[in-house]
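**Q** Numbering (the numbering used here), first residue to last: 62 to 259.
Let me give you the structure first, and then I'll get to my questions.
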Ligand code: ATP
């Protein structure tokens, strides 16, 4: 089995996430792509983050029509800050022997990897995949601080560039602007029904 792991805050999940995940699933011939909303995103400490239950529900709605997409609550269910290395250890232990994990990250997230907890162990547990994102350029050589040949272990993927980001969507929603066609229809409806981001 080839399993993609796509982590993030998903506050909210949007078409940029979905288009990148679909392309990565196809190009890497993955059997499934696991979306893993962060329970407590440590890199957003001090910033307000929407309740994890809502973020998990929105991702569940967003992936329900895609047979290869799945949502995982491992990070939401685990107490404490959500470190990717812990998630990969947990998934590694829970999956059948021979399962290959592919950690999918936007270029902006890849550029922050040296700040992560145990980044070298992340490379042991998964193949790291960087997906293109508008406005985010990244030279994999910058990963050599993690370990000397880290750059050789990264797959860089060109995916359709969708210039949507969650921060901008929250701003739009707060000023009463439409999120239609930027997030899946059922997610847009969920945001409206629950009065999120007002
Ligand atoms: P925020 O603005 O709140 O930081 P975000 O949309 O940038 O939100 P996350 O929800 O944490 O961030 O993103 C999860 C993952 O998806 C990260 O690896 C991020 O780089 C990637 N990603 C987010 N938006 C896009 C996009 N438009 N295209 C490609 N990758 C994206």
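Don't be surprised by glycine CBs; every beta carbon is placed ideally from N, CA and C.
1. Excluding sequence positions up to five away, which residues of its chain have a Cβ less than 6 Å from the Cβ of residue 204?
2. Tell me, please, which residues DSSP counts as bridged to residue 216.
3. Quick one: what does DSSP say residue 68 is sitting in, helix, strand or coil?
4. Would you call residue 90 buried or exposed, if buried means 16 or more other Cβ atoms sit within 10 Å of its Cβ?
5. If I'm right that residue 101 touches residue 143 with Cβ under 8 Å, what's the distance once you round it to whole angstroms?
6. The alpha helix (DSSP H) that contains residue 249, what's its start and end?
7. Please name the residue or residues paired with residue 97 in a DSSP beta bridge.
8. Under the criterion of a Cβ to heavy atom distance below 7 Å, does residue 117 qualify as lining the ligand NAD?
9. How many Å lie between residue 131 and residue 158 at the Cα?
10. From the beta carbon of residue 74, is the nearest beta carbon of chain D less than 8 Å away?
11. Output the residue ranges of the alpha helix (DSSP H) runs that lie fully inside the stretch 94-152 and measure 4 residues or longer, sorted by chain position.
12. Taking the beta strand (DSSP E) that residue 161 belongs to, which residues open and close that run?
13. Going by beta carbon distance, what residues of the same chain come within less than 8 Å of residue 183, once the five residues before and after it are set aside?
14. Between which two residues does the alpha helix (DSSP H) carrying residue 84 extend?
15. Report the three-state DSSP secondary structure of residue 172 (helix, strand or coil).
**A** Once the coordinates are examined:
1. As a position in the chain shown, residue 204 is number 143, starting the count at 1. 211 and 212.
2. For the purposes of this step, residue 216 is taken as residue 155 along the chain shown, with counting starting at 1. Residue 216 pairs with 190.
3. Here residue 68 corresponds to residue number 7 of the chain shown, with the count starting at 1. In the three-state DSSP reduction, residue 68 falls in the strand class (E or B).
4. As a working note, residue 90 is residue 29 in the chain shown. Per the 10 Å Cβ criterion, exposed.
5. Counting from 1 along the chain shown, the entry for residue 101 is found at position 40. Counting from 1 along the chain shown, the entry for residue 143 is found at position 82. Yes, residue 101 and residue 143 are in contact; Cβ-Cβ is about 5 Å, under 8 Å.
6. Numbered from 1 along the chain shown, position 188 holds the residue referred to as residue 249. Its alpha helix (DSSP H) spans residues 246-254.
7. The residue you call residue 97 lines up with position 36 of the chain shown. DSSP output for residue 97 lists 68 as bridge partner(s).
8. What this structure holds is the ligand ATP, not the ligand NAD.
9. Within the chain shown, the letter at position 70 stands for residue 131. Within the chain shown, the letter at position 97 stands for residue 158. Just so you know, the alpha carbons of residue 131 and residue 158 end up roughly 20 Å apart.
10. Of the protein chains in this structure there is only one, and it is not chain D.
11. 113-124 and 135-138
12. Taking the first residue of the chain shown as 1, we reach residue 161 at position 100. Counting along the chain, the beta strand (DSSP E) containing residue 161 begins and ends at 161-167.
13. For the purposes of this step, residue 183 is taken as the residue at position 122 of the chain shown. Excluding residues within five positions, the ones whose Cβ falls inside 8 Å are 145, 146, 149, 164, 174, 177 and 189.
14. Taking the chain shown and counting its residues from 1, the one referred to as residue 84 is at position 23. 76-88 is the span of the alpha helix (DSSP H), which, as asked, contains residue 84.
15. Mapped onto the chain shown, residue 172 falls at position 111. Note: residue 172 maps to coil in three-state DSSP.
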